[in-house]
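S.K.:
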Amino acid sequence: MYLIFDTETTGLPKRFNAPITDTDNWPRCIQIAWQLHDADGSLMEHQDFIIKPEGFEIPFQSEQIHGISTALAHTNGHFLEDVLEAFQVVLSKTRVLVGQNLKFDLNVMGCEFHRLSKQNNLQDLPVLDTCTEVTALLCKLPGGRGGKFKLPTLSELHEFLFDKAFKEAHNATADVEATARCFLELIRTRSFQKGELLLDDEQYAHFFEKNNSVFQPVGLKHVNLFKASKELAAAPKKKTSVDSKEIKETLTKLKDVPFSHLHNKTQFSVLQSTIQVNNLIKKAVDEGMPAVAISDSGNMMAAFHFIEAAYKHNSSIESEIQELKESEEITPQKENELKAKKILPIVGCEFHVCHDRMDKSYKDNGYQIPFLAKNKNGYQNLIQLCSAGFVEGFYYVPRIDQNIIPQFKEDVIVTTGGFYGQIPQMILNEGESKAEEAFFVVERTV
């Protein structure tokens, strides 16, 4: 009758309004759980499956949410095809689909059916959601859009209905048990209409006759997935030999290697930095750096000030050397020391690289990737990219994309960036193998 189900996934989609046929957009399902209840609320069956990741990894960030590691999924998981077949069986017994913010789960599972070219029966069934304006009015939580009440999370709804916090969120079996309990209690408190429930008069009356007190938990046992993944990771592994002598020698060699910061933002990156250009040059010189770069967010407005400050500093060094030569007070050592204080200014820009700079139908700020100019030609190419970001790609922020980069890649250095760069973000949110693929694509592009 009522199928309450929930999924855990590898992350979130890039676009929530993308069709389920867009397999690159929708994340992979790595756990699904369901409970099938009769018209009177009785539990008919329950199941849960961890799914083997075939051709993908479970990203670090996703694992931190639900606790399912790639190793655990490979060890305890089931093949996706087998899980979908079991899911189709229970769907054949279902009249109404139920869940908390179920649209996301419907799209994820719809996409999984599409990947294996299987019939998607989910789209033929009516849906009742426990996360709607109706439950928002019940919970009366401030902070919604347009001054309305916010839509409640499962934990918030559970606490409102049962005056007890729900602590097992993001384990599909626990989420399903809590959602089913909330759903049945919402029926008991007449938050759903008889027509929505697809019940006749007799079934509707029987539900209230049987359930005249607050619904209690079914009492399912939930596996601690965080603990299971941790135990699997802690299993004895083959130790690799480490040559401590080689490490010490390497560290000794690196001790005197010059270092330069290549990712600095200035006061022209509003709300991100307050560094003044003159102070940046002075600090780099004080730290003995042979060069320093700027890469402001989406703009190059500091470039002139930066080059001018570096030029003035280097000119002052040359003047000092010349004065000492004229007074015959300079030694080769002193001259070398003064020349070492010169600074090489490197101009760059941190671009927002999105999927399609012309597409302004949804917010896509892209990845934040610093580009550096090798020379004047590289600087002029950065100017072209920067202008395109504002003139063509501006949507919330100035954006460029992979289509325009090849046109202006000459004499430009592209880095992997910081935390919000493409490669770091893909490692965290899509897995190392996807990040490696993206790295080689970028390498071929630039």
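Residue 1130 is where the sequence shown starts when you use my numbering, and the numbers rise one by one after that.
Even for Gly, the Cβ is constructed at its ideal location relative to N, Cα and C.
Predicted, not measured: the structure shown is a model, and the values here were computed from it.
#1: Any idea which residues DSSP pairs D1135 with across the strands?
#2: Considering only residues of the region 1388-1464, which uninterrupted alpha helix (DSSP H) runs meet the minimum length of 4 residues and lie entirely inside it, listed in chain order?
#3: Among C1268, G1495, T1223 and S1284, which has the Cα closest to the Cα of A1168?
#4: Which residues bound the alpha helix (DSSP H) around V1571?
#5: Taking buried to mean at least 16 other C-beta atoms within 10 Å of its own C-beta, is I1376 buried or exposed?
#6: Give me the residue from L1251, I1179, N1510 and Q1497 with the minimum Cα distance to S1358.
#7: Taking 8 Å as the cut-off, does the region 1441-1456 touch the region 1486-1500 (at least 3 CB pairs, one atom from each stretch)?
#8: Does the Cβ-Cβ distance between C1260 and F1289 come in under 8 Å?
#9: Which one or two residues does DSSP pair with V1482 in a beta bridge?
#10: Rounded to the nearest angstrom, how far is the Cβ of T1574 from that of I1534, given a contact under 8 Å?
#11: Decide yes or no for the touch test of the region 1261-1280 against the region 1324-1339: beta carbon pairs closer than 8 Å, at least 3 of them.
#12: Work out the CA separation of A1439 and T1395 for me, nearest whole Å.
#13: Considering just the uninterrupted stretch of the alpha helix (DSSP H) at L1511, what are its terminal residues?
#14: Just tell me which of L1209, H1481, Q1551 and G1507 has its CA closest to the CA of E1521.
#15: Going straight from the alpha carbon of P1182 to that of G1495, what length do you get?
#16: Does the beta-carbon of I1556, which I'm using as the reference point, lie nearer than 7 Å to any heavy atom of the ligand MG?
#17: Distance, Cα to Cα, E1572 vs A1502?
#18: Following the continuous beta strand (DSSP E) through D1258, name the residue where it begins and the one where it ends.
#19: How is the alpha helix (DSSP H) around D1330 delimited, first residue to last?
#20: Identify, in the order they occur along the chain, each residue of the same chain with its Cβ nearer than 8 Å to the Cβ of S1320, setting aside the five sequence neighbours on each side.
#21: Report all residues from its chain with a CB closer than 7 Å to the CB of N1236; omit the five preceding and five following residues, and keep chain order.
#22: Measure the Cβ-Cβ separation of P1188 and L1467 and say whether it is below 8 Å.
#23: Going by CA-CA distance only, name the one from E1285, G1170 and V1305 that's closest to W1163.
#24: Confirm, please, whether the CB-CB distance from V1406 to F1435 is below 8 Å.
#25: Check whether the Cβ atoms of L1201 and V1225 sit closer than 8 Å, and answer yes or no.
#26: Just verifying my parser: in three-state terms, what is the DSSP assignment at D1540?
#27: Please classify T1460 as buried or exposed, where buried requires at least 16 other C-beta atoms within 10 Å of its C-beta.
#28: Give me the Cα-Cα distance between A1147 and C1240, rounded to the nearest whole angstrom.
#29: Can the beta-carbon of N1300 be found closer than 8 Å to that of L1349?
#30: Can you tell me where the alpha helix (DSSP H) with L1245 in it begins and where it stops?
#31: Leaving out the 5 sequence neighbours to the left and right, which residues in its chain are closer than 8 Å to Y1333 when beta-carbon positions are compared?
#32: Exposed or buried, which one is I1194 when buried takes at least 16 other CB atoms within 10 Å?
#33: Given a cut-off of 8 Å, decide if D1211 and L1231 are closer than it, judged by their beta-carbon atoms.
#34: Here's the rule: buried if 16 or more other CB atoms are within 10 angstroms of the residue's CB, otherwise exposed. What is G1184?
#35: How would you write the range of the alpha helix (DSSP H) that F1355 sits in, first residue to last?
#36: Taking all protein chains shown into account, do 16 or more other C-beta atoms lie within 10 angstroms of the C-beta of V1414, making it buried, or fewer, making it exposed?
M.R.: On the basis of the coordinates in this document:
#1: Paired residues: A1162.
#2: Correct list: 1406-1415 and 1432-1455.
#3: The shortest Cα separation from A1168 among C1268, G1495, T1223 and S1284 belongs to T1223.
#4: Start and end: E1561 to T1574.
#5: Counting the other Cβ atoms within 10 Å of the Cβ of I1376 gives fewer than 16, which makes it exposed.
#6: The shortest C-alpha to C-alpha distance from S1358 to any of L1251, I1179, N1510 and Q1497 is the one to I1179.
#7: In this structure the region 1486-1500 does not lie against the region 1441-1456, because fewer than three pairs of beta carbons, one per stretch, are closer than 8 Å.
#8: Note that the C-beta distance between C1260 and F1289 is not below 8 Å.
#9: Partner(s): Y1496 and I1529.
#10: That belief holds up - the Cβ atoms of T1574 and I1534 are roughly 6 Å apart, short of 8 Å.
#11: The region 1261-1280 vs the region 1324-1339: no contact.
#12: Taking the Cα positions, T1395 is about 15 Å away from A1439.
#13: Residues K1505 to V1520.
#14: Comparing alpha-carbon positions, the option among L1209, H1481, Q1551 and G1507 lying closest to E1521 turns out to be H1481.
#15: Cα to Cα, P1182 sits roughly 27 Å from G1495.
#16: Among the components of this structure there are no ligands whatsoever, and the ligand MG is therefore not found.
#17: Rounded to whole angstroms, the gap between the alpha carbons of E1572 and A1502 is 17 Å.
#18: Run containing D1258: V1256 to D1258, per the beta strand (DSSP E) assignment.
#19: Element bounds for D1330: D1330 to K1339.
#20: The answer, listed in chain order, is V1263, T1264 and L1267.
#21: Residues I1149 and W1155 of the same chain have their beta carbon placed closer than 7 Å to that of N1236, with the five preceding and five following residues left out of the count.
#22: Their beta carbons are not under 8 Å apart, which means P1188 does not touch L1467 by this criterion.
#23: Nearest neighbour of W1163 by Cα position, chosen from E1285, G1170 and V1305, turns out to be V1305.
#24: Yes, the Cβ-Cβ distance between F1435 and V1406 is below 8 Å.
#25: Contact flag unset, no.
#26: Residue state, collapsed to three classes: coil.
#27: Note on T1460: under 16 other CB atoms within 10 angstroms of its CB, so exposed under the neighbour-count rule.
#28: Their backbone Cα atoms lie some 11 Å apart in a straight line.
#29: The answer is no: Cβ separation not under 8 Å.
#30: No residue range can be given for L1245, since it is assigned to no alpha helix (DSSP H) and is classified by DSSP as neither H nor E.
#31: Result list for Y1333: K1323 and L1326, in chain order.
#32: With a 10 Å radius around the Cβ and a threshold of 16 neighbouring Cβ atoms, I1194 comes out exposed.
#33: No, these two residues do not count as a Cβ contact at 8 Å.
#34: That one is exposed.
#35: Counting along the chain, the unbroken alpha helix (DSSP H) around F1355 starts and ends at L1354 to A1362.
#36: Buried.
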